[in-house]
Each structure stands twice: as structure tokens, then as C-alpha cells.
Amino acid sequence: MGCSAGFDFSSSDAVFAVVDPAKGVLFDRAFPFPARDASALPLKIREILEEHNLFYEDITDWSVGVGPGSFTGLRIAAAFAAGLTFRKEGVRIRGVSSAAALAHTLYEPDRPVLTLYDGRKNEILACGLRPENGFFREDGFRAVIRSAADLAGAAANYPSLACLDSDKAALEKVCPGWGAVTGFAERIFAASLAAWDRNDFSRLPSNLTYLRPAVFVAPAAIRTI
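When we follow the numbering used here, the leftmost residue of the sequence shown carries the number 7, and every step to the right adds one.
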């Protein structure tokens, strides 16, 4: 059995991890990656692998973060993973909720968690998660938050809140006081994507959830040939 890789580009930095079934997490790395350099991503990932004496051929399954996140980053990640696995036997690929990975960074999967994101235009976007069989899963709840009162209503059924450090200022601006009761993570850890429910490869990496200034927008399908 080969290694499992997790990759996410739902926020400002890309994160990449490789997990060995026998040795555990080999590395979990964040790196800035300008979206305009998308064509160079395969080379960057190869460089990181080679630093750890690994090659693309050592990876037998890929778990790609599918958001919520930025339009450009998610599309780049989905296209990158699809290209890597196209017509390659024995290599699996799936999409995993970036929100689930964020929640797992902060909490054990024993409670509902509401993840929060800067939606721009003085709005916070919320995505709900529930614990199921030892993992966080999206529960279908999404909301646009425009005030502390909005967040109080949205958070009524969620004992824990999760947010990235990079979105903390926006949260405090839109919902004063809520930063004190929110868990903040420096980043998403890609190993959480790779380690997520190993029996569930049902979500395609093209099934993305984009963040938009006012609403979660259903993505267009990635064209396949």
C-alpha cells in the first residue's frame, strides 16, 4: 500500500501533507502560492516530495479540500489533482470538506461545530458540521451572518465555533465579542484531509463549495474529456 496525500488551497496558502500507513504523518506543510503561477504547482509539489525522498508514484490516493473556500484556489486544486490521477490505475482521488479539516484541527469529533469565514462586504459565512462515526461531516447548514445577533441565532445548535486566524479581524468587526468564544486555527492541516474517513471516497474533487461575498454559490461542473 502506498502513501496518502492531502492537499488544500481553499485559503490564502496551500497546504500539503503525506501520510504513510505504517509511519504516520511524514510531513504537513503550508506554503504561499500565487494563483497566477498555477501551472507551476506540479513542480512545487514535486520539489516538496523530493525533499522527503518521495515521488508522485509513491502516492496511491489523494484527498483534496473542496471548500468552503476561494473560487480560484479551489479550481486550481481540483484541476491539479484531476491531472495527476487521469487514467492512472491504482490511484484514487476524492474531495474532502475543508471545513471538516478546519474543525478537526481544533476539536475532537464529538460535538457539532460551526465554521466561520470572512465573506467580505461585512459578512461572515457559516458552515455547519456534525460528528458521525468519528469524523466531522457537513450537515447542510449554511448562513450569511451580518451581525452578532445573526451569529447568536446560527450558533444556537453548535456548542463550538471554528475560524482561521486570517478571518479573525473580519469576525470581530461583523460580530463584536464573538472572537472570545471562537476557536482559531493558524491553518488547515492537510493530514486531516488524508486521514478523513478512509471508507468514503464518494465525493468528487470537482464538487466544490465556493465562498462568495453574499452567498454560497453552486459551482459549475469541471469539464471532463
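Backbone N, C-alpha and C define an ideal beta-carbon position, used for all residues, glycine too. Note that the structure is a prediction, hence the values are computed from the model and not measured.
- Item | Environment of V25 [buried if 16+ CB atoms lie within 10 Å] | buried
- Contact under 8 Å by Cβ, G101 with R209: yes
- Item | Start-to-end residues for the alpha helix (DSSP H) that takes in V72 | No alpha helix (DSSP H) holds V72; DSSP gives it neither H nor E.
- Can you grab the Cα-Cα spacing for the pair K29 / R93, in whole Å? 28 Å
- Reference R52; option with closest CA among I65, L199, D203, C181: I65
- For the alpha helix (DSSP H) that contains S104, what are its first and last residues? 104-112
- Item | Opposing strand residues paired with G137 [DSSP bridges] | At residue 137 the sequence reads Pro, which differs from the Gly that was named. According to DSSP, P137 bridges with F142.
- Beta-carbon separation of S104 and G146 under 8 Å? no
- Query: Anyone know if the C-beta pair for S172 and G189 falls short of 8 Å?
  - Reply: no
- Message: Please report the distance separating the alpha-carbon of L108 from that of E95.
- Response: 31 Å
- Query: What are the start and end residues of each continuous alpha helix (DSSP H) run of 4 or more residues lying completely inside the segment 113-201, in chain order?
  - Reply: 154-160, 174-180, 196-201
- From what residue to what residue does the alpha helix (DSSP H) around R209 run? Premise fails: R209 is in no alpha helix (DSSP H) and is neither H nor E.
- Pull up the DSSP beta-bridge partners for Y62, would you. In DSSP, Y62 forms no bridge with anything.
- Segments assigned beta strand (DSSP E), at least 3 residues, entirely inside the segment 9-50: 9-14, 19-26, 30-38
- Query: If you check the beta carbons only, do S69 and S10 fall under 8 Å apart?
  - Reply: yes
- Message: If you reduce the DSSP assignment to three classes, tell me which class R93 lands in.
- Response: coil
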